[in-house]
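Participant:
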């Protein structure tokens, strides 16, 4: 007998509100439905009323874990629109922060994966080491969460020799420990028994469903924007695209630890080859009319910002496609044929940032079930019409 199990919007397994509806037969999941909308903040609409500098700080707040990814993706696009060539030193510092953020994001996820699998000592050790990265980010940018180091044309803070030495010292410590975590994550019997064969996603499904990031690379799909479409300094760095072929949660653990090890290698290269010179160039206030698509390999996968300029100091349109949204169709397939007890582990394995994915509102008719996407103007008209035609109910609390 089939029946539905609702999980969320509020549930202990969810760190942010989202609605998951599982169709199950006994203990086995036969279908899944993911519904968004509980975190929608209207960021894209807000961006239309702010200038390009203000929007750097707005886009940072799309996500609290990978805030630098969104501000960098946005700034890259604006610099293309303004035809700017930021100084090389500024670019090295910008993407140094990018790789440190990747390490912090992956270590955070690795700890959560250990916790979801019941390996809490692993969680505690990994999060202890994540603090080293957070301290380095605070030293470089002045902040631990929203770094605010990007500006149009470069970065806002420089590095000195003492900071470079501390970065290299921190990376050396973390590399040793991460190599141990790779061995532990891939070979510890009880941990492997819990995550191997869970959340299966074939290479064919990855391609057809357009999965991105470590979720795709854990199924053997060797695609990484930094390698296939190198931006900024990545064509000058020697690194490998981390992949696995197990197509399960185990593969997603292995890929992320391998990516962390590659990030250490890139950081050492950037510190060794950090050029002299300015960290930013002068940027105009306005961008010429035009459109641009900016791509960036965020910790969770390919991040895309579409920006349309109209000749003023404010964008006419900003559209954000965060990697989590790209991985939701694949998540549905991962959940199918899995067990109810595996739902938290499978869902956590894509490292979902739910607030990142909340970019549009879909209206669902209560009578017909028909779905439609409406503009802000249309939504405002609907609200006014409903308010105008609705009878006023007076009560003791609201007597007027």
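In the working numbering, the protein residues as written are 55 to 454. The C-beta atom is built at its ideal place from N, Cα and C for all residues, glycine as well. Computed from a predicted model, the values in this text were never measured in an experiment.
Would the C-beta of residue 230 count as close to the ligand ATP, meaning under 7 Å from any of its heavy atoms?
Facilitator: For the structure depicted, the ligand ATP is absent and the ligand set is empty, with no information on it obtainable.
Participant: Taking the straight line between their C-alpha atoms, what separation do you get for residue 63 and residue 404?
Facilitator: So the two alpha carbons sit approximately 18 Å from each other.
Participant: Can residue 410 and residue 127 be called in contact, C-beta distance under 8 Å?
Facilitator: Not a contact, by the Cβ cut-off of 8 Å.
Participant: Helix, strand or coil for residue 57? Go by DSSP, reduced to three states.
Facilitator: Residue 57: strand per DSSP, three-state reduction.
Participant: If you run the structure through DSSP and keep just helix, strand and coil, what is residue 145?
Facilitator: If DSSP states are grouped into helix, strand and coil, residue 145 belongs with the helices.
Participant: Under a three-way DSSP split, which group does residue 405 fall into?
Facilitator: Three-state DSSP puts residue 405 in coil, outside helix and strand.
Participant: Since I believe residue 143 is in contact with residue 321 (beta carbons under 8 Å), could you give me their beta-carbon distance rounded to a whole number of angstroms?
Facilitator: With 8 Å as the limit, residue 321 and residue 143 do not qualify as a contact, their Cβ atoms being about 15 Å apart.
Participant: Just the C-alpha distance for residue 319 and residue 287, rounded to the nearest angstrom, thanks.
Facilitator: Answer to the nearest angstrom: the Cα atoms are 14 Å apart.
Participant: Which residues in the same chain as residue 58 place their Cβ atom closer than 6 Å to its Cβ, once the five residues preceding and following it in sequence are excluded?
Facilitator: 75, 77.
Participant: When you compare each of 139, 346, 267 to residue 356 by their alpha carbons, which one comes out closest?
Facilitator: Of the candidates 139, 346, 267, the one whose C-alpha sits nearest the C-alpha of residue 356 is 267.
Participant: Give a yes or no on whether the C-beta atoms belonging to residue 294 and residue 156 are separated by under 8 Å.
Facilitator: Taking 8 Å as the Cβ cut-off, residue 294 and residue 156 do not qualify as a contacting pair.
Participant: To the nearest angstrom, how far is it from the Cα of residue 206 to the Cα of residue 385?
Facilitator: Rounded to whole angstroms, residue 206 to residue 385 spans 36 Å at the Cα level.
Participant: Could you give the distance in angstroms between the alpha-carbon of residue 161 and the alpha-carbon of residue 89?
Facilitator: So the two alpha carbons sit approximately 28 Å from each other.
Participant: Let me know if residue 406 comes out buried or exposed under the rule of 16 or more other beta-carbons within 10 Å of its beta-carbon.
Facilitator: Buried, by the Cβ-count rule.
Participant: Would the region 358-373 count as touching the region 339-346 if we require 3 or more Cβ pairs under 8 Å?
Facilitator: With a cut-off of 8 Å, the region 339-346 and the region 358-373 count as touching, because enough Cβ pairs lie within range.
Participant: Under 8 Å: do the region 272-282 and the region 302-309 share three or more Cβ pairs, one atom per stretch?
Facilitator: Enough Cβ pairs lie closer than 8 Å, so yes.
Participant: Considering residue 193, what are the terminal residues of the alpha helix (DSSP H) in which it resides?
Facilitator: Run containing residue 193: 174-195, per the alpha helix (DSSP H) assignment.
Participant: DSSP state of residue 218, grouped into three classes?
Facilitator: Note: residue 218 maps to helix in three-state DSSP.
Participant: Check whether the Cβ atoms of residue 360 and residue 373 lie closer than 8 Å to each other.
Facilitator: Closer than 8 Å, so yes.
Participant: Can you list, in chain order, the residues of its chain whose CB lies under 7 Å from that of residue 377, leaving out five sequence neighbours each side?
Facilitator: Contacts found: 266, 267, 352, 354, 355, 356, 357.
Participant: For residue 218, which of 328, 80, 350 has the nearest alpha-carbon?
Facilitator: The residue with the shortest Cα to Cα distance from residue 218 is 328.
Participant: Buried or exposed for residue 67, please, with buried defined as at least 16 other CB atoms from any protein chain shown within 10 angstroms of its CB.
Facilitator: Exposed: under 16 other Cβ atoms inside 10 Å.
Participant: Let me know the secondary structure DSSP gives residue 314 once reduced to three states.
Facilitator: Note: residue 314 maps to helix in three-state DSSP.
Participant: Which residues in the same chain have their Cβ closer than 8 Å to the Cβ of residue 250, if we skip the five residues on either side of it in sequence?
Facilitator: So the qualifying residues of the chain are 300, 302, 303, 304.
Participant: Determine whether the beta carbon atoms of residue 84 and residue 281 lie at a separation below 8 Å.
Facilitator: The answer is no: Cβ separation not under 8 Å.
Participant: My assumption, with CB atoms under 8 Å, is that residue 121 sits in contact with residue 201. Please give the rounded CB distance.
Facilitator: Yes, residue 121 and residue 201 are in contact; Cβ-Cβ is about 7 Å, under 8 Å.
Participant: Taking all protein chains shown into account, do 16 or more other C-beta atoms lie within 10 angstroms of the C-beta of residue 343, making it buried, or fewer, making it exposed?
Facilitator: It counts as exposed.
Participant: Suppose you measure from the CA of residue 455 to the CA of residue 316; what does that come to, to the nearest Å?
Facilitator: Past the edges of the chain, shown from 55 to 454, lies residue 455, and the structure says nothing about it.
Participant: Can you list, in chain order, the residues of its chain with a C-beta nearer than 6 Å to that of residue 60? Leave out the 5 residues immediately preceding and following it.
Facilitator: Cβ neighbours of residue 60 beyond the five flanking positions: 75.
Participant: Could you check where the beta strand (DSSP E) with residue 77 kicks off and where it finishes?
Facilitator: From DSSP, the beta strand (DSSP E) with residue 77 extends over 73-79.
Participant: Quick one: measure Cβ to Cβ for residue 97 and residue 112, integer angstroms, because I've assumed they're closer than 8 Å.
Facilitator: With a Cβ gap of about 7 Å, residue 97 and residue 112 count as contacting.
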